[in-house]
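K.L.:
The structure that follows is given in the form of structure tokens.
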Amino acid sequence: PLKEKVMQLYDQLNVRHGIGLIGEAASGKSTTLTVLKSMFLLLHQRYPEDRQYTNVSTDVLNPKSLTMDELYGYFDASQAWNDGIFPWMFRERCT
1 PLKEKVMQLY DQLNVRHGIG LIGEAASGKS TTLTVLKSMF LLLHQRYPED
51 RQYTNVSTDV LNPKSLTMDE LYGYFDASQA WNDGIFPWMF RERCT
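Using this note's numbering, you'd call the opening residue of the sequence shown number 1 and step up by one each time.
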């Protein structure tokens, strides 16, 4: 089933801008992501001019370890916006 999970993840990444891997402990989430990331790195090294095989970077976080304000952001007492980790991560990846 690992090959199938990797292919499913690859298919989802082709039709979505971002994804979250959710599941029970020891269900293969990290392994699936690591295998797919390694595949892209190998193909990028082998075919550096092929834009289909770009280098991959990932951010992993446990949303249960953060408050909603820390995760998404919030308005402070002066109504100034303060980014949470999600907006910050997206901005970092998009620039």
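Built from N, CA and C at the ideal position, the CB exists for glycine as well.
Please check if any C-beta of chain C sits within less than 8 angstroms of the C-beta of Glu4.
P.N.:
In the displayed structure, chain C is absent; only one protein chain is listed.
K.L.:
Classify Lys5: buried if its beta carbon has 16 or more other beta carbons within 10 angstroms, exposed otherwise.
P.N.:
It counts as buried.
K.L.:
Would you mind giving the Cβ-Cβ distance between Lys37 and Thr58, rounded to the nearest angstrom? I have them listed as a contact below 8 angstroms.
P.N.:
Contact holds; Cβ gap of about 6 angstroms.
K.L.:
Over the uninterrupted alpha helix (DSSP H) stretch that includes Asn55, give me the two end residues.
P.N.:
Looking at the DSSP string, Asn55 is not in any alpha helix (DSSP H), and its letter there is neither H nor E.
K.L.:
Helix, strand or coil for Tyr96? Go by DSSP, reduced to three states.
P.N.:
Given a span of 1 to 95 for the chain in the structure shown, any question on residue 96 remains unanswerable.
K.L.:
Taking Asn14 as part of the alpha helix (DSSP H), name the residues at either end of that continuous run.
P.N.:
It spans 2-15 - the alpha helix (DSSP H) in which Asn14 sits, taken as one unbroken run.
K.L.:
Can you have a look at Thr31 and say buried or exposed, based on whether 16 or more other CB atoms are within 10 angstroms of its CB?
P.N.:
Exposed, by the Cβ-count rule.
K.L.:
Determine, using beta carbons only, whether Pro63 and Gly73 come nearer to each other than 8 angstroms.
P.N.:
Not a contact, by the Cβ cut-off of 8 angstroms.
K.L.:
Assuming contact is defined by CB atoms lying nearer than 8 angstroms, are Val104 and Leu2 in contact in what I supplied?
P.N.:
Residue 104 cannot be examined here, being either before or after the span of the chain that is shown, 1 to 95.
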